[in-house]
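So the sequences go chain by chain: A and B.
Residue numbering for the first sequence follows the working numbering, beginning at 67 and increasing consecutively.
Residue numbering for the second sequence follows the working numbering, beginning at 8 and increasing consecutively.
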Amino acid sequence: EAGVAQSPRYKIIEKRQSVAFWCNPISGHATLYWYQQILGQGPKLLIQFQNNGVVDDSQLPKDRFSAERLKGVDSTLKIQPAKLEDSAVYLCASSPGQEFSYEQYFGPGTRLTVT
Amino acid sequence: GEDVEQSLFLSVREGDSSVINCTYTDSSSTYLYWYKQEPGAGLQLLTYIFSNMDMKQDQRLTVLLNKKDKHLSLRIADTQTGDSAIYFCAESEGGSYIPTFGRGTSLIVHP
Numbered sequence: 067e068a069g070v071a072q073s074p075r076y077k078i079i080e081k082r083q084s085v086a087f088w089c090n091p092i093s094g095h096a097t098l099y100w101y102q103q104i105l106g107q108g109p110k111l112l113i114q115f116q117n118n119g120v121v122d123d124s125q126l127p128k129d130r131f132s133a134e135r136l137k138g139v140d141s142t143l144k145i146q147p148a149k150l151e152d153s154a155v156y157l158c159a160s161s162p163g164q165e166f167s168y169e170q171y172f173g174p175g176t177r178l179t180v181t
Numbered sequence: 008g009e010d011v012e013q014s015l016f017l018s019v020r021e022g023d024s025s026v027i028n029c030t031y032t033d034s035s036s037t038y039l040y041w042y043k044q045e046p047g048a049g050l051q052l053l054t055y056i057f058s059n060m061d062m063k064q065d066q067r068l069t070v071l072l073n074k075k076d077k078h079l080s081l082r083i084a085d086t087q088t089g090d091s092a093i094y095f096c097a098e099s100e101g102g103s104y105i106p107t108f109g110r111g112t113s114l115i116v117h118p
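Take a look at the structure:
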């Protein structure tokens, strides 16, 4: 089966610009996650969706980050305006359901550089 | 301190066994995981163990859990150059199952 797809793979922007990332989970997976991985650290959860509803967005900096999963399939994560400290790899993951969050499948990530 | 701690680097010779260690602080951890991340790629779940287990073996991988000491280890037998990657230890509690990751151990395998 096809894995989790993400685009773009790389993005370079200047601070205060906006950027959007796209994720297509594994077909049939109800739960979708966005993680931020800063260089030298492990991934940290930003937001979790179950179908098109938000389960957990407690770690999402809502003043500048937003995410949506309108039809319960694809998802977009947006940053507006970007700051230097947003430079990181943004990973999308999916699992068959919330009860299977211990078995997440990760995409290749989008590497964002903010200059 | 960090919730999940692991050493940053490990260097082994091809064919030897590798042992990557991890300690965690949350006594209510239900699942403990090992993920592998190759350069430019996302994380790949290698294996996970329930907190009521002491050991899990899967081909060349052996996971040992010492719940009393909150210590998890991953042993890779007959390490190959293809095993060179960053290995992340993670833990999660029952309910949310969202993993909390360590900083990762960079495994370097040399001929």
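All C-beta atoms in this analysis are idealised placements derived from N, C-alpha and C, irrespective of residue type, glycine included.
For K144(A), the enclosing beta strand (DSSP E) covers residues 141 to 145. In summary, the residues of the stretch 82 to 109 of chain A whose CB is separated from some CB of chain B by less than 9 Å are Y99, Y101, Q103, G106, Q107, G108, P109, in the order they occur in the chain.
Exposed is the label assigned to G163(A), since fewer than 16 other Cβ atoms lie within 10 Å of its Cβ.
Cβ proximity to chain A below 8 Å picks out F95, A97, S99, S103, Y104, I105, P106 from the stretch 94 to 106 of chain B. When CB distances to chain B are screened at a threshold of 9 Å, the residues of the stretch 159 to 170 of chain A falling below it are A159, S161, Q164, E165, F166, S167, Y168, E169, Q170, in chain order. For the stretch 49 to 60 of chain B, the set of positions with a beta-carbon nearer than 8 Å to some beta-carbon of chain A reads G49, L50, Q51, L52, Y55 in chain order. Secondary structure of Q164(A) (DSSP, three-state): helix.
According to DSSP, R82(B) shares a beta bridge with V26(B), T69(B). Annotated as distal: G49(B) and F115(A), with beta-carbon spacing of 7 Å or more.
Closer than 7 Å to the CB of R110(B) there is at least one CB belonging to chain A.
For T179(A), the secondary structure class from DSSP, reduced to helix, strand or coil, is strand.
A straight line joining the alpha-carbon of K63(B) with that of W41(B) spans about 12 Å. Comparing alpha-carbon positions, the option among V180(A), Q170(A), R177(A) lying closest to L52(B) turns out to be Q170(A). In this structure, the straight-line span from the alpha carbon of C158(A) to that of Q107(A) is close to 16 Å. In the structure shown, E21(B) adopts coil according to DSSP, grouped into three states. DSSP links E100(B) through a beta bridge to S36(B). Separation of the CB atoms of Y94(B) and L81(B) is rounded to 6 Å, and the pair is thereby assigned contact status at 8 Å.
Nearest Cα to S91(B) within the set I83(B), I115(B), V70(B), Y104(B): I115(B).
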